[in-house]
Amino acid sequence: MQTLLNYLLPIAIGIIMFGIGMGLKAKDFKRVFVAPKAILFGLFGQLVLMPLIGFGIAFAFQLDPIYQLGIVLIAACPGGTSSNIVTYMLKGRVALSVSITAFNSFLIVLTIPFILDLAFSFFWTSSKEVQLSMYDTFIEVLFTVLLPVISGVIVQHYLPHFVEKIRKPLRYILPGILFTVFLLVLIDEQGNGTKSVAEYGELLLPALFLNVFVMFVGFYLSGWTGINHEGKYTIAIEMGLQNSALAIFLANNVIQIDGLSLIAVLYGSFSFFSTLIIAYLMKRFLRKKELPTAG
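Counting along the sequence shown from 1, when you hit position 46 you're at 385 in the working numbering, and nothing is skipped either side.
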């Protein structure tokens, strides 16, 4: 199963990002970089605010050290493809979401080792060095995010009528692909001896708090900087939907401490749906009259 997932996961992500790319135009990305306020705040929120909140939750809930590490681990893994899909489904600023994902995928090579080393110094009795390969991360992002999105944009430019015909089905097909792959990951985790997440009900509250609280932090703080409504709930999605697949991989394949992946598995089991629902409510009910803004 694990060998199959090693090939299936990047292929599935590439297909998803290709589909998302078909809903974008080059001018969408131009807007992001001409007025970079939103992307800069989004990166700040994911790479600075999220880990700080993660440390705060780990201390506040007085969890066992292994779960304190797990909370910080999921907080240190910025949103990936899932956040792009939720933004796409809610018709948010998809180009902003994809751009944040691309940038943070490179920056985590520096931030994750630093954050986890700090977490081990607070919560663990022995030190543990965590290293990520910048080259491997670049190759992964290039082939699973950047190239598929660019290819989708090209198809949209040259075959707009074809893209228009499949636009509505894609809103169901892309999440379906993601759910199928994630289900296989969960099945594989159980097959490897991971205990049922139902046995860890006490972990649900801190994991849910991390998911929900940071969404409102991102939404309102980005609003105070003058970012428009679509940008606000897009950033809320980016902050609320962390990359549980990356956290599971780091826990099981890089850090290799039994039980460390439990928070990430639990978080991944509900965060897509909770983020989608909360972001929809933000989009629908928290809009205020806004002046034109470059954000």
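C-beta: ideal position from N, C-alpha, C; glycine also.
This one's a predicted model, so the numbers in the text were calculated from it and none came from an experiment.
With 16 or more neighbouring CB atoms inside 10 Å of its own CB, His568 falls in the buried class.
Separation of the CB atoms of Ile574 and Ser561 is rounded to 5 Å, and the pair is thereby assigned contact status at 8 Å.
Here Trp563 carries a helix assignment [DSSP, helix/strand/coil]. Here Gly570 is actually not in contact with Ile617; their C-beta atoms are around 16 Å apart, not less than 8 Å. In this model, Phe368 and Asp403 are separated by some 43 Å (Cα to Cα). Relative to Tyr606, the option among Ser421, Lys430 and Pro349 whose CA is nearest is Ser421. Around the CB of Ile505, fewer than 16 other CB atoms lie within 10 Å, so the residue is classed as exposed. Restricting attention to alpha helix (DSSP H) runs no shorter than 4 residues, the segment 543-626 encloses them at 543-563, 568-579, 583-588 and 601-624, ordered along the chain. Here Phe558 has Lys571, Tyr572, Ile574, Ala575, Met621 and Leu625 as same chain residues with Cβ atoms under 8 Å from its own Cβ, once five neighbours each way along the sequence are excluded.
When Gly358, Phe609 and Ile566 are compared, the shortest CA-CA separation from Thr483 is found for Gly358.
Beyond the five residues adjoining it in sequence on each side, Gly381 comes within less than 6 Å, by CB distance, of Ile439, Ile574 and Glu577 in the same chain, given in chain order. Taking a 10 Å sphere around the C-beta of Ser600, we find 16 or more other C-beta atoms and assign the residue as buried. Here Pro545 has Ile396, Phe400, Leu402 and Ile410 as same chain residues with Cβ atoms under 7 Å from its own Cβ, once five neighbours each way along the sequence are excluded.
Around the beta carbon of Asn550, 16 or more other beta carbons sit within 10 angstroms, so the residue counts as buried. Note on Thr464: under 16 other CB atoms within 10 angstroms of its CB, so exposed under the neighbour-count rule. The alpha carbon of Leu522 has as its nearest neighbour, out of Ile493, Val604 and Leu412, the alpha carbon of Val604. In the three-state reduction of the DSSP assignment, Arg510 falls in the helix class, which pools H, G and I. Spanning the alpha carbons of Gly419 and Ile355 requires a straight line of approximately 12 Å.
Residue burial annotation: Leu391 is exposed, with fewer than 16 other C-beta atoms found within 10 angstroms of its C-beta. For Ala441, the uninterrupted alpha helix (DSSP H) run begins and ends at Val433 to Phe462, by DSSP. Across the structure, Leu509 and Phe459 are spaced so that their CA atoms are roughly 42 Å apart.
Excluding the 5 residues flanking it on each side, Ile352 has same chain C-beta neighbours closer than 6 Å at Thr420 and Thr483, in chain order. Residue nearest to Pro452 within the set Phe611, Leu412, Ile478 and Phe609 is Leu412 (criterion: CA-CA distance). DSSP places Pro349 in the helix class (H, G or I) of the three-state scheme.
Between Ala414 and Gly393, the C-beta spacing is below 7 Å.
Approximately 28 Å separates the beta-carbon atoms of Ala365 and Val448; this is outside 8 Å, ruling out the contact.
With contacts defined by Cβ atoms closer than 7 Å, Gly360 and Val488 form a contacting pair.
Here DSSP, grouped into helix, strand and coil, assigns Leu402 to coil. Between the alpha carbons of Leu589 and Gln595 lies a distance of about 8 Å.
Secondary structure note for Ala377: its alpha helix (DSSP H) is the uninterrupted segment Lys376 to Phe383.
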